[in-house]
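To start, the structure itself, in structure tokens.
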Amino acid sequence: MSAPTLKKQFEIRVEVAPPVLIGQDDISGRRQLIPILSGTLTGASEGNFPSLTGEVLPGGVDSQVIRPDGKCELSARYGVRLTGGEWDGASFYIENNGFRTVPEEYVPQVLAGGFVDPSLYYFCTVPQFEVYDSRLNWLKQRLFICSATRLPDAVILGYYTVE
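For the sequence shown, the numbering used here gives the first residue as 32, with consecutive numbering after it.
As structure tokens, this is what we get:
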């Protein structure tokens, strides 16, 4: 048996609004909602479908709890509509759960809602897909993981299949 490898299939850039603070305390941490405004999907040149393109639909949300130790537990939900080529008009739904951790010295900055350089943290998620078009069944037939980068107004996610 050989060890699994990762193969990048596509990248999604999600444009987000500023966080909406729901509440914060010293035990649970900071609960916030981040509205998802729009975004783009681009196929990876090394993936099975390099010509894949699409748009992130408005109306999604990234629900987060930032724990007192700085760990951010997140659950993002949003829709994507593909554009062009053989998938033109096909849509799917993503539920993406994961977490982001930062070194201890950056915890106060995170708890205050500040930006931390992406090279300093760990940020991975496990997406699940709902598809309503048989052309997209391949999304349900592989295990995906994401490596992510948080920017002040966007999140960039690389979607990889476990091969």
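Where is the CB? At the ideal position from N, CA and C, for every residue including glycine.
The structure displayed is predicted, hence computed values, not measured ones.
Judged by their CB atoms, C177 and T156 are nearer to each other than the 8 Å cut-off.
Linking S122 to L142 through their CA atoms gives a straight-line distance of about 35 Å. Setting aside the 5 residues that flank it on each side, Y153 is surrounded in the same chain by T132, each with a C-beta closer than 6 Å to its C-beta; the list follows chain order. G101 is classed as buried because its beta carbon has at least 16 other beta carbons within 10 Å across all chains shown. P158 is bridged by DSSP to N127.
If you compare the alpha carbons of V162, V186, S94, T84 with that of G54, the shortest gap goes to S94.
In terms of Cβ geometry, G110 and G91 form a close pair [threshold 8 Å]. In the DSSP assignment, P66 falls within the beta strand (DSSP E) that extends over 60-74.
Within the model, the alpha-carbon separation for E136 versus L52 is close to 23 Å.
Taken atom to atom, the span from the alpha-carbon of V138 to that of G144 is near 10 Å. Annotated as distal: L174 and F160, with beta-carbon spacing of 8 Å or more. Considering only R98, A107, L105, W118, the residue with the shortest C-alpha distance to D57 is R98.
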